[in-house]
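Per UniProt numbering, the sequence shown starts with residue 1, numbered consecutively.
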Amino acid sequence: MKRRTDPEYGSPQKRQKKRIEELGLTLSSTSDDETQLNINHATQDSSTTSSSESDSENSGRRPSLGTFSNNFSADSLVEGTSSRYSMYNSVSQKLMAKMGFREGEGLGKYGQGRQEIVEASQQKGRRGLGLILKGFDGEMNINWQDEPEASAYEQVDWCPECTTEIPDAEEMKDWMTIGKKKLVIDDETEFCGQELIHSMLQCKTVFDVLDGEEMRRARTRSNPYEMIRGAFFLNRAAMKMANIDYVFDHMFTNPKDSRGKPLIKESSAELLYFADVCAGPGGFSEYILWRKKWHAKGFGMTLKGPNDFKLEDFYAASSELFEPYYGEGGVEGDGDITRPENISAFQQFVLDNTDQKGVHFLMADGGFSVEGQENIQEILSKQLTLCQFLTGLSVIRTGGHFLCKTFDLFTPFSIGLVYLLYCCFERVSIFKPVTSRPANSERYVICRGLKAGIEEVRDYLFTVNMKMNQLRNSDQDVNLVVPLEVIRGDHDFYDYMIRSNERFCAVQIKALAKIPAFVQDTTLNEPRQADIRKECLRLWGIPDQARIAPSSSDPLSKFYELTQGTNVEIFSYKSTPLNSKTLHKIRPVLDYRCMVSGNEQKFLLSLGKSQIYTWLGRQSDRWTKLELKIELPRDTLLCVEIVPELKGEGKAQRKIHAIHILDALVLNGSDVKEQHFNQRIQLAEKFVKAVSKPSRPDMSPIRVKEVYRLEDMEKIFLRLEMKVIKSSGGIPRLSYTGRDDRHFVPFGLYIVRTVSDPWTMAFSKTSNKKFFYNKATKKSTYDLPPESVAPFHICYFGRLFWEWDDGIKMHDSQKKEDSEKLSKETVLSFIRRHFIL
């Protein structure tokens, strides 16, 4: 569809009055005939407290200002300049009349005394008497007391769906406009009324003369949502993400497509992949990982330095599930998102580790100090905003979601960036959560459902970023990424951005005006802060708990906690050898699975990070710390082998020690012991994907054993080869090659029964299907009976081990064979004989 262009549509001069009326604002004239903005409503549907309401009624919903001798007075706030005597009530006037006072005459027998009433003190805090600060002398004619009642419930305002096609390279080739670098914001009235912008800037000037601590205390008392803070998370950012996730129907922790169908099935082995950029110290990610635990995997890039990720401070979630990557150079990179090389490297890393699909969503929370230049924060942050949008389009999969913090959206440059997102995603919303302080310019762009075919927009933004880097030290800059006539031509988008800007601006002005009032009167406070906090936490599903560092524990106590008192001596149990005397045990072939062994079995217990321990058995009766460099989430218990893996042959051969998981008992606090063996292996595969660190070659890899059906045992022998191994004297040895092209010397075969007595599995020739048969009741069923599932302890104690020692011929090139030992052909022929029943 052709993009509409209508330069006259929505002209600010023609539509300004209508927009202001829609917001519930009025224009009043001051004595010098200049138009001044008088804000009576924060939003279109907010209720106004009239000046005629009694003090008791007013104090029930908002703290009273008392009697100020400036235009913050409740009575004079709307009317403008008032009589200097209006601060005094009728009682005091009657008392003075009894004393003989008449207006215009002085007190005293002959009217010789002072004619004017002594004015109330306007001293602020501990400042000197008589000092009057600009901004407190009645210049701001803003009534903040009629703001709507604080509530935990919020509504989403989605921009109408884009009906035009995604712009292509040909259309965008002339869109970028370069001009003189701009460092003022007060003339940006295309997407917000001039009076609103000027009033907001005027309100902000008050803070230039306020002491920082004084302002912060007043801000804390004036914000009804201030007590929410960070709960038990790392910082307030985590609670912002919890807030946004709830309001948007958990579209981040439980993403859905446009039809409401979950992108990830609950029973699926697929992880929830997400990215977190410009996000140090990592509050957003801590919330996601707290909510999803080890069912999510995060990738992060942020600027190296004091604001880097602080993974050691993730108390609520396991940071082992999060992998920082700093662009070019990997973990050694600088994390500067404005460098094209870093964006490309991060994109490639994410794609390589998500099967080339990308993440389900990306969060971006970039910002930097603009102290002294707060009014132009939007302009100073323009390249950062562009690069966050660009990174989102680079790593989010089709159908995925996007969240990015922005500031004011007044300039055509910023609006153009949002317009491109509007074209590339199914829906876009500009949202300010209650956890974002109302007096700041912060807001979030929320995008749902990335469309296919956005590559040319991504490439265009990549080119714009390169141009901005080239112009960085000059007086030139990129001023437009989308022509104004294109934006004006899309009436739905144009109207939405103006409506959004003016709504947020009106609320911000009230919040800004409120803070000086709270500075002036230290007795003012928001009485419902505690109640609002409880209501929000309940609504968002966040426990009302304090932030406490995870308690330390010794391995033995943790083992008993995770296994509910199981005797640690089970770790010393040895599998039953498979030989000619025990071969009959595998007669029900379909009941068994098998895995190739590469070393002695061990149990790993993780207390978090690198605090990983193994049980040494009865002889030492103790746990010892694992010497390998590896990290696992706390409360994890695994049955594993530590296998020396080899890659290559001859002098170029390299050896590493890898963790091979045989079975799982507890995964990051999730007890899986009672689940089916196949399900435990599937969950272990998912767990390994979540904890693996491809960017850290210095760490030992973790893998899950390849599991074969017993009837498919022959497939194992196809993976066996004779290879020369270092330190073997040049004599080829039997090797098993795994899925990752690494090989190891096999010790034998674990054979695990996955069905509990009295159930067994069989094959029906009639239906050509497997079925379950109960040997005690003689009943059969095609559906899996829950009582037939073999939990961990049944699999563990019923396991058989076929040792491949000298004399057992596994490869044609092996000549030595002991006739008294169980041979490969004997086992295979036994399986073939009993497979078809």
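Every residue, glycine too, gets a C-beta built ideally from N, C-alpha and C.
Just to confirm, is the Cβ distance from residue 252 to residue 401 under 8 Å? As a working note, residue 252 is residue 252 in the sequence shown. As a working note, residue 401 is residue 401 in the sequence shown. For residue 252 and residue 401, yes; Cβs fall inside 8 Å.
Residue 198, enclosing beta strand (DSSP E) - first and last residue: The residue given as residue 198 occupies position 198 in the sequence shown. Where residue 198 is concerned, there is no enclosing beta strand (DSSP E), although the alpha helix (DSSP H) it sits in stretches over 194 to 205.
So is residue 468 buried or exposed if we call it buried at 16+ other beta carbons inside 10 Å? Along the sequence shown, read from residue 1 onward, the residue named residue 468 stands at position 468. Counting Cβ neighbours within 10 Å, residue 468 comes out buried, since at least 16 surround it.
Whose C-alpha, out of 218, 724, 814 and 570, is nearest the C-alpha of residue 513? Taking the sequence shown and counting its residues from 1, the one referred to as residue 513 is at position 513. When only C-alpha atoms are compared, the closest one is 218.
First and last residue of the uninterrupted alpha helix (DSSP H) at residue 724: By one-based count along the sequence shown, residue 724 stands at place 724. Where residue 724 is concerned, there is no enclosing alpha helix (DSSP H), although the beta strand (DSSP E) it sits in stretches over 720 to 724.
Would you mind sorting residue 97 into buried or exposed? The rule is 16 or more other CB atoms within 10 Å of its CB. Within the sequence shown, residue 97 is the residue found at index 97, counting from 1. Counting Cβ neighbours within 10 Å, residue 97 comes out exposed, since fewer than 16 surround it.
Pop quiz: residue 593 and residue 710 are said to be a contact at Cβ under 8 Å. What is the actual Cβ separation, rounded to whole angstroms? As a working note, residue 593 is residue 593 in the sequence shown. As a working note, residue 710 is residue 710 in the sequence shown. Rounded, the Cβ-Cβ distance is 7 Å, consistent with contact.
Rank 770, 570 and 506 by C-alpha distance to the C-alpha of residue 408 and give the top, closest one. Your numbering for residue 408 matches position 408 in the sequence shown. Comparing Cα-Cα distances from residue 408 to each of 770, 570 and 506, the minimum goes to 506.
Look at the alpha carbon of residue 718 and the alpha carbon of residue 578, and state the distance between them as a whole number of angstroms. If you number the sequence shown from 1, residue 718 lands on position 718. If you number the sequence shown from 1, residue 578 lands on position 578. Rounded to the nearest angstrom, the two C-alpha atoms are 21 Å apart.
Tell me whether residue 543 sits in a helix, a strand or coil according to DSSP, three-state version. In the sequence shown, residue 543 corresponds to position 543, counting from 1. It is coil, neither helix nor strand.
For residue 299: DSSP bridge partner residues: Residue mapping note: residue 299 aligns to position 299 of the sequence shown, counting from 1. The partner list for residue 299 (beta bridge, DSSP) reads 275 and 323.
Exposed or buried, residue 360, counting other C-beta atoms within 10 Å across all chains shown (16 or more means buried)? Within the sequence shown, numbered from 1, the residue matching residue 360 stands at position 360. So residue 360 counts as buried.
Do residue 657 and residue 640 have their C-beta atoms within less than 8 Å of each other? For this step, residue 657 is matched to residue 657 along the sequence shown. For this step, residue 640 is matched to residue 640 along the sequence shown. No; because the gap between Cβ atoms is not below 8 Å, this pair is not in contact.
Across the region 580 to 600 and the region 536 to 556, are there enough close Cβ pairs to call them in contact, namely three or more that are closer than 8 Å? no
Tell me which residues share the same chain as residue 183 and place their Cβ nearer than 7 Å to its Cβ, disregarding the 5 neighbours each side in the sequence. The residue given as residue 183 occupies position 183 in the sequence shown. These residues qualify, in order along the chain: 376 and 379.
Helix, strand or coil for residue 309, going by three-state DSSP, please let me know. What you label residue 309 is simply residue 309 of the sequence shown in a count that begins at 1. Here residue 309 sits in coil by DSSP.
Consult DSSP for residue 291 and reduce its assignment to one of helix, strand or coil. Taking the first residue of the sequence shown as 1, we reach residue 291 at position 291. Helix, per DSSP.
Does residue 499 pass the burial test, meaning 16 or more other C-beta atoms within 10 Å, or should it be called exposed? Here residue 499 is taken as the residue at index 499 of the sequence shown, counted from 1. Buried is the call here.
Taking contact to mean 3 or more Cβ pairs, one atom from each stretch, closer than 8 Å, check whether the region 728 to 735 and the region 568 to 584 are in contact. no
How should residue 678 be labelled, buried or exposed, when 16 other C-beta atoms within 10 angstroms of its C-beta is the threshold for buried? Here residue 678 is taken as the residue at index 678 of the sequence shown, counted from 1. Label assigned to residue 678: exposed.
Which of the three DSSP states, helix, strand or coil, is assigned to residue 808? In the sequence shown, residue 808 corresponds to position 808, counting from 1. If DSSP states are grouped into helix, strand and coil, residue 808 belongs with coil.
Under the rule that 16 or more other beta-carbon atoms within 10 Å means buried, what is residue 157, buried or exposed? Counted from its first residue, the sequence shown places residue 157 at position 157. The residue in question, residue 157, is exposed, as its Cβ has fewer than 16 Cβ neighbours within 10 Å.
Residue 454 and residue 166: beta carbons closer than 8 Å? Locating residue 454 in the sequence shown gives position 454, where the first residue counts as 1. Locating residue 166 in the sequence shown gives position 166, where the first residue counts as 1. It is a contact, given that the beta carbons lie within the stated cut-off.
I believe residue 587 touches residue 606 by the beta-carbon criterion, under 8 Å. Please report the beta-carbon distance rounded to the nearest angstrom. One-based indexing of the sequence shown puts residue 587 at position 587. One-based indexing of the sequence shown puts residue 606 at position 606. Incorrect: roughly 38 Å between the Cβ atoms, too far for contact.
Taking one C-beta from the region 383 to 397 and one from the region 362 to 375 each time, how about it: are there three or more such pairs within less than 8 Å? yes
Taking the alpha carbon of residue 782 as the point to measure from, which residue in 790, 766, 795 and 534 has its own alpha carbon closest? As a first step, residue 782 must be located in the sequence shown, where it is residue number 782. Ranking 790, 766, 795 and 534 by Cα distance to residue 782 puts 766 first.
What residues in its chain sit with their C-beta under 6 Å from that of residue 241, if we drop five residues either side in the sequence? Taking the first residue of the sequence shown as 1, we reach residue 241 at position 241. Same-chain partners within the cutoff: 284 and 287.
So, helix, strand or coil for residue 502, using DSSP? Stepping through the sequence shown from its first residue, residue 502 is reached at position 502. Residue 502: helix per DSSP, three-state reduction.
Name the DSSP bridge partner or partners of residue 530? Residue mapping note: residue 530 aligns to position 530 of the sequence shown, counting from 1. Residue 530 pairs with nothing; no bridge assigned.
With 16 other CB atoms within 10 Å as the buried threshold, where does residue 248 fall? Residue 248 sits at position 248 when you count from the first residue of the sequence shown. Buried, by the Cβ-count rule.
With DSSP as the reference, identify every bridge partner of residue 491, one or two as the case may be. For the purposes of this step, residue 491 is taken as the residue at position 491 of the sequence shown. Answer is none; residue 491 lacks a bridge partner.
Suppose you measure from the CA of residue 812 to the CA of residue 746; what does that come to, to the nearest Å? Counting from 1 along the sequence shown, the entry for residue 812 is found at position 812. Counting from 1 along the sequence shown, the entry for residue 746 is found at position 746. Near 16 Å, if we compare the C-alpha coordinates of residue 746 and residue 812.
When we look at the beta-carbon of residue 631 and count the other beta-carbons within 10 Å, is it buried (16 or more) or exposed? As a position in the sequence shown, residue 631 is number 631, starting the count at 1. With 16 or more other Cβ atoms within 10 Å, it is buried.
Can you check DSSP and say which residues form a bridge with residue 147? The residue you call residue 147 lines up with position 147 of the sequence shown. Residue 147 is not bridged to any residue.
Can the beta-carbon of residue 526 be found less than 8 Å from the beta-carbon of residue 222? Residue numbering aside, residue 526 sits at position 526 when the sequence shown is read from its first letter. Residue numbering aside, residue 222 sits at position 222 when the sequence shown is read from its first letter. The answer is yes: Cβ separation under 8 Å.
Within the chosen definition, does the region 516 to 532 reach the region 173 to 189 through at least 3 CB pairs nearer than 8 Å? no
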